[in-house]
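S.K.: Chains as they are written, first to last, in the working numbering: chain B, 641 to 875; chain C, 11 to 232. Attaching a single structure in structure tokens format; questions to follow.
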């Protein structure tokens, strides 16, 4: 018999409670439940492609996802990372433009799709949701500004330290105390905005300086204070 | 690029606006100040920047007529996340944070316009992020010039309709002042531009476009 994939229900979805959809009414939660489609994505699969037109928003029930833009030479620049509870693709949907980035799975994910019509219907009728969306976008803009400032002003070594701290904050730690994500060196390079070889070299420098430990793909931060100092974060 | 979302009209139709005229280098608001309200630019141009630890400023965005400043800080009721200063004589109308929130809370479709306005700002910010992480300084400068041409236009004598100092150009291109001077000299030698006291003359637009397209083999970092 084919194993059945059990669709997560919005009502019980703990991811929903942490995101903008927590402001939906019970009736709207039921409506979303009946309108949505859920899929399992394997590592490396694409959820949406840069340049395509959005047909709805994606809500991450489980897994880890990167959103990146591909440059003229085919190099990825990772703009954002997403995990359970995050909503994806809302910006293109709201602005009515094509996706400005591609979303690809970094760790196996369960993602639900909410059609455009349902999403806009909620936005128009639920003022709490529209306020939350407005706040979310304001937050995104603030993050993008900070990202731009960091990228422009800091040398690559400092940015690497900052990226590791960001990953730690974003994903937390596993039982061994490593950052809870098996993230490739190439992905780290694309977050920092540098070459993969440089990433490998700096990580190895950090290891020599006893700031981190490298356990296969996993990274363990052993000297948190030292890394903060390296990142030159003052605030 | 000023995205016309219709939000400006709604704000302008709201009665109690204060009109301001800012001269070059006048500060509209400072990073970390309490977000008192929003400015809608009617004419002129404003640089949006962050101060850095090195007392250098980093220009994030050049805003022109039709754009709204301070929006995300007002919506999320946190202090301004950046500073804004006029780079040419600028006329702007001001609406207080309280009045603005009351206005948009009165109609759910207004909130959608706020969202659209925020989306277009994030898009341009992310384009900028990709640009600086991918390109070498000289390509980025060629890019900067193309952005300025598109934003402000060129007059009959091929001058860009905005004056920016070397500091400002370096800041917007994300490079150092000394390197900026070097690139300007190089561009002048190649017959792409001339630069004198803030005035940029575009001599060879097609070649400038090719320069901006040239992608680097090495990374644009460190």
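Note that beta-carbon positions come from the ideal geometry of N, C-alpha and C, so glycine has one too.
1) Could you tell me whether any non-hydrogen atom of the ligand FMN is closer than 7 Å to the CB of residue 664 of chain B?
2) For residue 754 of chain B, would you say it is in contact with chain C, using Cβ-to-Cβ distances shorter than 8 Å as the test?
3) Under 8 Å, CB to CB, which of the residues in the stretch 842-866 of chain B have a partner in chain C?
4) Residue 668 of chain B touches chain C at which residues, Cβ-Cβ below 8 Å?
5) Any chance the stretch 776-783 of chain B sits against the stretch 737-755 of chain B, with 3 or more Cβ pairs inside 8 Å?
6) Name, going along the chain, the residues of the stretch 722-741 of chain B whose beta-carbon falls closer than 9 Å to a beta-carbon of chain C.
7) Taking residue 69 of chain C and residue 178 of chain C to be in contact with their CB atoms under 8 Å, please state how far apart those CB atoms are, rounded to whole angstroms.
8) So what does DSSP say about residue 200 of chain C, is it helix, strand or coil?
9) Within its chain, find whatever has a CB closer than 7 Å to the CB of residue 44 of chain C; leave out the 5 residues flanking it on each side and keep chain order.
10) Under 7 Å Cβ to Cβ from residue 691 of chain B, same chain only, skipping five residues before and after it: list those, please.
11) Less than 8 Å separating the beta-carbons of residue 717 of chain B and residue 149 of chain C?
12) Three or more C-beta pairs closer than 8 Å, one from the stretch 851-866 of chain B and one from the stretch 93-100 of chain C: is that the case here?
13) Report the three-state DSSP secondary structure of residue 865 of chain B (helix, strand or coil).
14) Quick one: is residue 215 of chain C near chain B, going by C-beta distance under 8 Å?
15) Drop a sphere of 10 angstroms on the beta-carbon of residue 37 of chain C, count the other beta-carbons inside from all chains shown, and report buried for 16 or more, exposed for fewer.
16) Can you pull the DSSP bridge partners for residue 47 of chain C?
17) Any C-beta of chain C sitting closer than 8 Å to the C-beta of residue 804 of chain B?
18) Residue 225 of chain C to residue 212 of chain C, Cα distance in whole Å?
19) What first and last residue would you give for the beta strand (DSSP E) that runs through residue 748 of chain B?
20) Relative to the C-alpha of residue 672 of chain B, which candidate in B/762, B/723, B/844 and B/812 has its C-alpha closest?
21) Check whether the stretch 164-175 of chain C and the stretch 806-823 of chain B touch, using three or more Cβ-Cβ pairs below 8 Å as the test.
22) Using a Cβ cut-off of 8 Å (strictly closer), state whether residue 706 of chain B contacts chain C.
23) Could you give the uninterrupted runs of the alpha helix (DSSP H) lying entirely in the stretch 55-86 of chain C, keeping only those of 4 residues or more?
24) For residue 645 of chain B, which three-state DSSP category applies?
25) Comparing alpha-carbon positions, which option in B/771, B/693 and B/843 lies nearest residue 826 of chain B?
26) State buried or exposed for residue 865 of chain B, treating a residue as buried only when at least 16 other CB atoms are found within 10 Å of its CB.
27) Quick check on this structure: which residue in B/707, B/851 and B/821 has the alpha carbon closest to the alpha carbon of residue 861 of chain B?
28) Put residue 165 of chain C into one of helix, strand or coil per three-state DSSP.
29) Counting pairs of Cβ atoms below 8 Å between the stretch 717-736 of chain B and the stretch 673-685 of chain B, do you hit three or more?
30) Measure the beta-carbon distance from residue 191 of chain C to residue 176 of chain C and round it to whole angstroms, keeping in mind my assumption that it falls under 8 Å.
31) In terms of alpha-carbon separation, which member of C/35, C/204 and C/30 lies closest to residue 104 of chain C?
32) Using 10 angstroms around the beta-carbon of residue 127 of chain C, count the other beta-carbons present and answer buried if the total reaches 16, otherwise exposed.
33) Determine the direct distance from the alpha carbon of residue 687 of chain B to that of residue 750 of chain B, and round the result to whole angstroms.
34) By alpha-carbon positions, which one of C/198, C/102, C/82 and C/151 ends up nearest to residue 22 of chain C?
M.R.: So, from the data block:
1) Annotation note on the ligand FMN: not contained in the displayed structure, which lists no ligands.
2) no
3) none
4) Within chain C, no residue comes near residue 668 of chain B; the closest Cβ sits about 14 Å away, beyond 8 Å.
5) no
6) 730, 731, 732, 734, 735, 736, 737, 740 and 741
7) 6 Å
8) coil
9) 89
10) 738 and 739
11) no
12) no
13) helix
14) no
15) exposed
16) C/106
17) no
18) Because the pLDDT at residue 225 of chain C is just 44, under 50, the model does not fix this residue reliably, and the point stays unresolved.
19) 742-755
20) B/762
21) no
22) no
23) 81-85
24) coil
25) B/843
26) exposed
27) B/851
28) coil
29) no
30) 6 Å
31) C/30
32) buried
33) 11 Å
34) C/102
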